[in-house]
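Engineer: If you're matching them up, the sequences are chains H and F in order.
Mind the numbering: the first sequence is residues 1 to 278 in this note's numbering, read in order.
Mind the numbering: the second sequence is residues 1001 to 1468 in this note's numbering, read in order.
Before I ask anything, let me first share the structure, which is written out below as structure tokens.
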Amino acid sequence: MFFTIVRQIIGSINEESPATPMTVANSQATLAIENLHVSVNETEILRGLDLNIPKGEVHALMGPNGSGKSTLANALMGHPAFEVTAGSVHFKGQDVLALPTDERSRLGMFLAFQYPAEIPGVRVASFLRMALNARRTDEISAMDFRRLLMEKMDLLKMDPKFANRYLNEGFSGGEKKRNEVLQLAVLQPEIAILDETDSGLDIDALRIVSDGVNQLRSTDLGVLVITHYQRLLNYIVPDHVHVIINGRVVDSGDSGLAKRLEAEGYEQYGDTTSEGTD
Amino acid sequence: MSKTDISDVGLDNYKFGFHDDIKPVYTSPKGLSEDVVREISRQKDEPAWMLEFRLEALQQFKQKSMPTWGADLSRIDFDDIHYYIRPQDRQARSWDDVPEDIKSTFDKLGIPEAERKFLAGVGAQYDSEVVYHSVREDLEKLGVIFLDMDSGLREHEELVREHFGTIIPNGDNKFAALNSAVWSGGSFVYIPSGVKVDIPLQAYFRINAENMGQFERTLIIVEPDAYVHYVEGCTAPVYASDSLHSAVVEIIVKERGRCRYTTIQNWSTDVFNLVTKRAVAYRDATMEWVDGNLGSKVTMKYPAVYLMEPGAHGEVLSIAFAGSDQHQDAGAKMVHAAPDTSSLITSKSISRHGGRTAYRGHVQVLPDAERCRSNVECDALLIDDKSRSDTYPYMDIEESDVAIQHEATVSKVGDEQLYYLMSRGLSEEQAMAMVVSGFIEPIVKELPMEYAVEMNRLIELQMEGSIG
Ligand SMILES: Nc1ncnc2c1ncn2[C@@H]1O[C@H](COP(=O)(O)OP(=O)(O)OP(=O)(O)O)[C@@H](O)[C@H]1O
Ligand SMILES: [Mg+2]
């Protein structure tokens, strides 16, 4: 259901989009990742990753623990600890690797974190208002912002008191995830990377969050969903499913691929520990 | 910066002043001597006992040595200071003399034109007088006295005499002695029994020249069951003509009374800010110091509460911000002199660009002060690797049945925090400012609204690196 709804958000799906990853940037792709190599502390984690996400599509990325999913997410967003040693990332035709994190965000990229940071003393509402203003040419009035925020919180069935809580401080795991989706709803990016946003959410919360995202309908929103759970994928049929092993996309397919993974696991791709690669 | 020159002060320029009587213009010569002290007292037409008090203090000042701990004070040249400039003479400075960075800070803070001139020591706003008068009338009906200290002494001599110098004796420390010898301005506040003043005593009085002297002297008396919130200073940088600010604040809170004293100071970065603040709290009374120190070259300030009778409660909430070449040595002192007293110290400091902050606290529990509770929390935030923060918690506990807690943290702004905020589109400076505002939020939320807003704005400006 989560994905169905995401699919509804994005409206019509581009049927011509390639079913397998391409090594050449797709001109239609909103996000085009080519031969991406990323290292952390001198250790190479991503080893030539290719992925294209055309405008408005929903792609799922699955893979074993430690295969590099969060590394990809963070490299895309420009985390300083992740060093891109080769390859390119283009978003809406722009070389995003040349941009600092905040500019990537203002360009329309969004990452719902697997582990969101806690910012003591900063209220959710004031933070979000500043973030929203950072991407607008004119400042939103306090009243308009309040209305917008309440509307989105209502959508996600969040207690309004969260607006006055300190950002992620003392939030439960599920509350943090919901708060990430709230930010997605308010900031309205063009590509959203959801890094295990479903884990930590209870069944009801998952439905609510999905319903919420559904209301965010936009034909422009592309989504990269990182998840471990087939349960989630049973609800939905993503346009494409990709398998990442040891820092590379090793398989791509339609939603059937996710079902096969469920039955067979990742062993079909050989040794999935990074030490054993190549 | 040139000092006020007598010849520059045309009497026809004299646009403000609390008193109708225009006195001859007087600026004391530089340096401190018995003659200077006598002349100050004579100018103010003071009673003999006050002159006596001043002269005694002068002797104390000469005898006392400089503190050997804390910040480096060796650059203070006591002979190069005017110890008395009548406030109305300060406007003789020209706006052109005010440094550019201060002017641009006023711009960014949106300080009104008239107020800017005042803050820069150029002129004064007269309009506030009108507002202030009506407020003062309301207060007078309640029996509240709210005057500058000089007027307080003139109009309520007995009341002043009874309390003045009783909390901080004229020989308490070198700088209190100096203040006692040459004090001028400050406030005298008296809240009668049972009266609760529901507006902070400040906004209307904020733009008052007498209030902003270098050696101001404040005395607040809160009678039983009364309440007052006194606010001094402002977040805009105050451009002082002399580089030494040494104030004394004495507060008496009687049974079940409550006093909150809020200070926000942002002296220009050449000022030595050495202030003695002390309060006594009697049975079930509460004294709260809220203290923000942003500017100055050196600050040494440790607001104290003496908890004299059971049930008394003292609090100090302080924020210090040290930038390049600044040293903020701030803290608190709590003396538990009676059983069942409690205290809370929350100190937050921020250092950047090689700035230095220190928390220096003293919690003392006297013998037989049973069941006292004291909680000290001091958190330091370092913005970069060049900056420094130290903690000096002194505990003097002479009673065993007490609960004392001390917690100190030093943290750096987390890369993960900055990255998270920047991933939502905030610039690095905005992200940094946001983490810093969050850090001081527990104290900022205690400030009156307009101060809280200005404070956050100022932190933002500091982080943009556009000032300071
Ligand atoms: N800052 C770091 N320092 C050292 N190693 C790191 C760092 N960040 C990630 N790694 C390593 O990189 C590899 C990939 O980590 P990543 O977080 O991308 O995995 P993942 O696919 O998201 O796993 P999971 O499914 O558990 O979330 C792991 O072996 C991890 O230990
Ligand atoms: Mg991960």
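Each residue gets a CB set at the ideal place from its N, CA and C atoms; glycine is no exception.
Because the structure is a prediction, the values reported are computed rather than measured.
Does the segment 134-141 of chain H come within contact of the segment 164-182 of chain H, defined as at least 3 CB pairs closer than 8 Å?
Structural biologist: no
Engineer: Just checking: is the beta-carbon of F/F1439 within a distance shorter than 8 Å of some beta-carbon in chain H?
Structural biologist: What you label residue 1439 of chain F is simply residue 439 of the second sequence in a count that begins at 1. F/F1439 counts as touching chain H.
Engineer: Along the chain, where does the beta strand (DSSP E) that runs through F/S1347 open and close?
Structural biologist: Along the second sequence, one-based indexing puts residue 1347 of chain F at 347. Here the beta strand (DSSP E) through F/S1347 covers S1342 to S1351.
Engineer: Here's the rule: buried if 16 or more other CB atoms are within 10 angstroms of the residue's CB, otherwise exposed. What is F/M1000?
Structural biologist: In the structure as shown, chain F begins at 1001 and stops at 1468. Residue 1000 of chain F is therefore absent and cannot be evaluated.
Engineer: For chain F, is any of its Cβ atoms less than 8 Å away from the one on H/V89?
Structural biologist: Working through the first sequence from its first residue, we reach residue 89 of chain H at position 89. It does not; no Cβ of chain F falls within 8 Å.
Engineer: Using a Cβ cut-off of 8 Å (strictly closer), state whether F/E1416 contacts chain H.
Structural biologist: The residue given as residue 1416 of chain F occupies position 416 in the second sequence. It does: the Cβ of F/E1416 has a partner Cβ on chain H nearer than 8 Å.
Engineer: At the 8 Å Cβ level, is H/T137 part of the contact set with chain F, yes or no?
Structural biologist: Taking the first sequence and counting its residues from 1, one reaches residue 137 of chain H at position 137. H/T137 does not count as touching chain F.
Engineer: Run through the segment 160-217 of chain H for me and flag every whole alpha helix (DSSP H) of 4 or more residues, listed as ranges in chain order.
Structural biologist: 173-187 and 203-215
Engineer: Which residues end up in the neighbourhood of ligand 2 when you take C-beta atoms closer than 7 Å to any of its heavy atoms?
Structural biologist: H/K69, H/S70, H/Q114, H/D195, H/E196 and H/I226
Engineer: Can you find the residues in the same chain that come closer than 6 Å, C-beta to C-beta, to F/T1286, ignoring five residues on each side of it along the sequence?
Structural biologist: Locating residue 1286 of chain F in the second sequence gives position 286, where the first residue counts as 1. The residues are R1258 and H1313.
Engineer: Closest to H/S210 by CA distance: which of H/T197, H/D220 and H/K69 is it?
Structural biologist: Numbered from 1 along the first sequence, position 210 holds the residue referred to as residue 210 of chain H. H/S210 has its Cα closest to that of H/T197, out of H/T197, H/D220 and H/K69.
Engineer: Using a Cβ-Cβ cutoff of less than 8 Å, which residues in the same chain neighbour F/M1432 once the five nearest sequence positions on both sides are dropped?
Structural biologist: Sequence index remark: in the second sequence, residue 1432 of chain F carries index 432 (1-based). Here the set comprises I1383, V1413, L1418 and M1463.
Engineer: Note the first and the last residue of the continuous alpha helix (DSSP H) segment covering F/G1438.
Structural biologist: Here residue 1438 of chain F refers to the residue found at position 438 when the second sequence is read from its first residue. Here the alpha helix (DSSP H) through F/G1438 covers E1428 to V1444.
Engineer: Do H/H37 and H/R47 have their C-beta atoms closer together than 8 Å?
Structural biologist: To locate residue 37 of chain H, count along the first sequence from 1; it is residue 37. To locate residue 47 of chain H, count along the first sequence from 1; it is residue 47. In contact: H/H37 and H/R47 (Cβ atoms closer than 8 Å).
Engineer: Quick one, which of F/L1307, F/S1268 and F/R1278 has its alpha-carbon nearest F/G1323's?
Structural biologist: Within the second sequence, the letter at position 323 stands for residue 1323 of chain F. Selected option, being the one with the closest Cα: F/S1268.
Engineer: Compare the C-beta of H/R106 against all C-beta atoms of chain F and say whether one is closer than 8 Å.
Structural biologist: Within the first sequence, residue 106 of chain H is the residue found at index 106, counting from 1. Closer than 8 Å to some Cβ of chain F, the Cβ of H/R106 qualifies, so yes.
Engineer: At a cut-off of 7 Å, is H/G63 close to ligand 1 when judged by its beta-carbon and the heavy atoms of the ligand?
Structural biologist: One-based indexing of the first sequence puts residue 63 of chain H at position 63. Within the cutoff, so yes.
Engineer: Interface residues of chain H around F/V1435 at Cβ under 7 Å?
Structural biologist: Your numbering for residue 1435 of chain F matches position 435 in the second sequence. In chain order: I119.
Engineer: Contact between the segment 1377-1394 of chain F and the segment 1352-1363 of chain F: three or more CB pairs below 8 Å?
Structural biologist: With a cut-off of 8 Å, the segment 1352-1363 of chain F and the segment 1377-1394 of chain F count as touching, because enough Cβ pairs lie within range.
Engineer: Since F/A1380 and F/K1333 should fall inside the 8 Å C-beta cutoff, what is the C-beta to C-beta distance between them, to a whole number of angstroms?
Structural biologist: For the purposes of this step, residue 1380 of chain F is taken as the residue at position 380 of the second sequence. For the purposes of this step, residue 1333 of chain F is taken as the residue at position 333 of the second sequence. Not really, about 19 Å apart at Cβ, beyond 8 Å.
Engineer: Distance check for F/E1377 and F/V1410, CA to CA, integer angstroms please.
Structural biologist: Counting from 1 along the second sequence, the entry for residue 1410 of chain F is found at position 410. Counting from 1 along the second sequence, the entry for residue 1377 of chain F is found at position 377. Near 11 Å, if we compare the C-alpha coordinates of F/E1377 and F/V1410.
Engineer: If we ignore side chains and look at the alpha-carbon of each, how far apart do F/D1148 and F/M1449 end up?
Structural biologist: Here residue 1148 of chain F is taken as the residue at index 148 of the second sequence, counted from 1. Here residue 1449 of chain F is taken as the residue at index 449 of the second sequence, counted from 1. Whole-angstrom Cα-Cα distance: 24 Å.
Engineer: Answer with buried or exposed for F/R1042, where buried requires no fewer than 16 other C-beta atoms within 10 angstroms of its C-beta.
Structural biologist: The residue given as residue 1042 of chain F occupies position 42 in the second sequence. Looking at its Cβ environment, which holds fewer than 16 other Cβ atoms inside 10 Å, F/R1042 is exposed.
Engineer: Any heavy atom of ligand 1 closer than 7 Å to the beta-carbon of F/S1296?
Structural biologist: For this step, residue 1296 of chain F is matched to residue 296 along the second sequence. Answer for F/S1296: no, Cβ out of range of ligand 1.
Engineer: Between F/Q1430 and chain H, is there a C-beta pair that is closer than 8 Å?
Structural biologist: In the second sequence, residue 1430 of chain F corresponds to position 430, counting from 1. Judged by the 8 Å Cβ criterion, F/Q1430 is in contact with chain H.
Engineer: What are the complete beta strand (DSSP E) segments, minimum 3 residues, inside the segment 1292-1351 of chain F?
Structural biologist: 1298-1301, 1304-1307, 1313-1322, 1327-1336 and 1342-1351
Engineer: Any chance the CB of H/G200 is under 7 Å from a heavy atom of ligand 1?
Structural biologist: By 1-based counting over the first sequence, the position of residue 200 of chain H is 200. It does not: the Cβ of H/G200 is nowhere closer than 7 Å to a heavy atom of ligand 1.
Engineer: Do F/A1338 and F/L1307 count as a contact pair if the criterion is CB distance below 8 Å?
Structural biologist: Residue numbering aside, residue 1307 of chain F sits at position 307 when the second sequence is read from its first letter. Residue numbering aside, residue 1338 of chain F sits at position 338 when the second sequence is read from its first letter. Contact: yes.
Engineer: Give me, in chain order, the residues of the same chain whose beta-carbon lies closer than 6 Å to that of F/Y1392; leave out the 5 immediate sequence neighbours on both sides.
Structural biologist: For the purposes of this step, residue 1392 of chain F is taken as the residue at position 392 of the second sequence. Residues R1360 of the same chain have their beta carbon placed closer than 6 Å to that of F/Y1392, with the five preceding and five following residues left out of the count.
Engineer: For the beta strand (DSSP E) containing F/Q1265, name the first residue and the last one.
Structural biologist: Here residue 1265 of chain F refers to the residue found at position 265 of the second sequence. Start and end: R1258 to Q1265.
Engineer: Considering only residues of the same chain and omitting the five flanking positions on each side of H/A134, which have a CB-CB separation below 7 Å?
Structural biologist: On the first sequence, residue 134 of chain H is found 134 positions in, with the first residue counted as 1. The residues are R106.
Engineer: Say the cut is 7 Å; is the CB of H/V40 nearer than that to a heavy atom of ligand 1?
Structural biologist: If you number the first sequence from 1, residue 40 of chain H lands on position 40. Taking 7 Å as the cut-off, one finds at least one heavy atom of ligand 1 near enough to the beta carbon of H/V40.
Engineer: Looking at C-alpha atoms only, which residue of H/K259, H/K177 and H/P80 is the closest neighbour of F/S1423?
Structural biologist: In the second sequence, residue 1423 of chain F corresponds to position 423, counting from 1. Considering only alpha carbons, the answer is H/P80.
Engineer: My assumption, with CB atoms under 8 Å, is that F/A1177 sits in contact with F/F1061. Please give the rounded CB distance.
Structural biologist: Indexing the second sequence from 1 puts residue 1177 of chain F at position 177. Indexing the second sequence from 1 puts residue 1061 of chain F at position 61. About 4 Å separates the two Cβ atoms, so the contact holds.
Engineer: Are the C-beta of F/G1292 and some C-beta of chain H separated by less than 8 Å?
Structural biologist: By 1-based counting over the second sequence, the position of residue 1292 of chain F is 292. Not closer than 8 Å to any Cβ of chain H, the Cβ of F/G1292 fails to qualify, so no.
Engineer: Could you check what DSSP says for F/Q1214 in three-state terms: helix, strand or coil?
Structural biologist: In the second sequence, counting from the first residue as 1, residue 1214 of chain F sits at position 214. Residue state, collapsed to three classes: coil.
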